[in-house]
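Quick note, in the numbering used here, the sequence shown goes up one by one and the last residue is 284. Virtual Cβ for every residue (Gly too), placed ideally from N, Cα, C.
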Amino acid sequence: MNKATKLASTIGLTGCMALSAAQVVAQDHGWEFNVAPLYLWGKSIDAISAAGGRELPVDLTFKDEVLENLESAYAIHFEASNDKLTLFAEYNYANLEPSGGTSIGPIDVKARIDFQDIMTEGGVTYAFAETGSMRWEALGGLRYYKQHAEIKFSSNRPGNIPLPNKLRIGDSWVHPFAGLRVITQFNERWSLRLRGDYGYEDSDNSALHGIALFNYQFRGWGSAFFGYRYFDMDYQGSGKGLDEYAFDGDQQGPLIGLNLHF
23 MNKATKLAST
33 IGLTGCMALS
43 AAQVVAQDHG
53 WEFNVAPLYL
63 WGKSIDAISA
73 AGGRELPVDL
83 TFKDEVLENL
93 ESAYAIHFEA
103 SNDKLTLFAE
113 YNYANLEPSG
123 GTSIGPIDVK
133 ARIDFQDIMT
143 EGGVTYAFAE
153 TGSMRWEALG
163 GLRYYKQHAE
173 IKFSSNRPGN
183 IPLPNKLRIG
193 DSWVHPFAGL
203 RVITQFNERW
213 SLRLRGDYGY
223 EDSDNSALHG
233 IALFNYQFRG
243 WGSAFFGYRY
253 FDMDYQGSGK
263 GLDEYAFDGD
273 QQGPLIGLNL
283 HF
């Protein structure tokens with residue numbers, strides 16, 4: 023079992039244990055659960071990805087490129103709250119298949135990319151202050167990230183000119199994060215949630231993350247939310263040669279979804 027698989031298994035097991043514990047405590051201590059399945063993050067990507075010392079620009083707008091090249095996507099967010107304490111977990115998956123072309127001298131090269139982008143996080147918030155309609159929460163946790171790309175090449179090269187037909191690049195990494203969440207209740211229906219956090223493992227693995235959400239509460243079974251999400255990441259792997267992988271850039275865009283309460 024490799025390092026990434028062990029790490030993913032550990033995070034998943036920790037999340038399952040936390041959820042099981044919360045469900046047991048809920049029977050006697052009034053826990054509340056919220057889950058947002060299949061919410062949409064309409065993100066655009068503006069970044070530089072590098073493998074083996076070669077930079078690969080990743081510049082995709084949601085409207086024009088991401089929707090056109092989106093093969094599959096899935097996201098779910100879960101929270102369990104009891105008074106001042108909230109446990110949360112989230113999983114995001116996207117599979118993009120963009121294509122492009124370039125020229126190497128007289129040779130025209132076309133590339134089709136199968137790009138998988140996975141982000142998983144789990145953590146806890148604690149309300150340390152409440153002033154009128156505002157609630158201030160400190161938060162912290164762990165974030166796991168994985169990117170994998172398979173690039174398939176085709177060209178009009180003569181048979182005696184060697185060029186690769188396929189290239190696989192990518193990496194997985196983890197870092198702890200800490201930040202703040204502020205919830206402002208305007209009335210019984212409308213509220214605003216602001217979250218900001220910073221993830222850091224070392225100078226080659228850091229991230230800045232922010233979310234602003236308006237939430238509309240229904241009769242009790244759930245709520246709808248919309249807002250904006252920004253995620254900036256700077257990662258440089260420790261691999262060598264083609265195993266060396268780096269990603270530096272941001273993913274940002276509107277966020278919309280439905281929250282189920284139970």
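When only Cα atoms are considered, S194 and N209 end up about 43 Å apart. Annotated as distal: G275 and E266, with beta-carbon spacing of 7 Å or more. Here Y96 is exposed, its C-beta having fewer than 16 other C-beta atoms within 10 Å. Taking the Cα positions, N117 is about 43 Å away from G154. Within a 10 Å sphere around the beta-carbon of M156 sit fewer than 16 other beta-carbons, which makes this residue exposed. Beta-bridge pairing by DSSP links E159 to A149 and R203. Ranked by how close their Cα comes to the Cα of Q138, the residues F269, W243 and Y115 have Y115 in first place.
When the Cα atoms are used, P59 and Q207 turn out to be separated by approximately 23 Å. A distance below 7 Å between beta-carbons, with the five flanking residues on each side excluded, links G201 to the following residues of its chain, in chain order: L161, R217, G218, D219 and Y220. Listed in chain order, the non-local C-beta contacts of K106 below 7 Å within the same chain comprise Y148 and A149, local neighbours out to five positions each way being set aside. Sequence-distant Cβ neighbours of E223 in its own chain, meaning closer than 6 Å and more than five residues away, are H197. Judged by DSSP secondary structure, L277 falls within the beta strand (DSSP E) whose first and last residues are Y267 to H283. Taking C-beta separations shorter than 6 Å and ignoring five residues to either side along the sequence, the partners of I98 in its chain run P59 and Y113, following chain order.
With distances taken between CA atoms, E119 lies nearest to H170 out of E143, H170 and K262.
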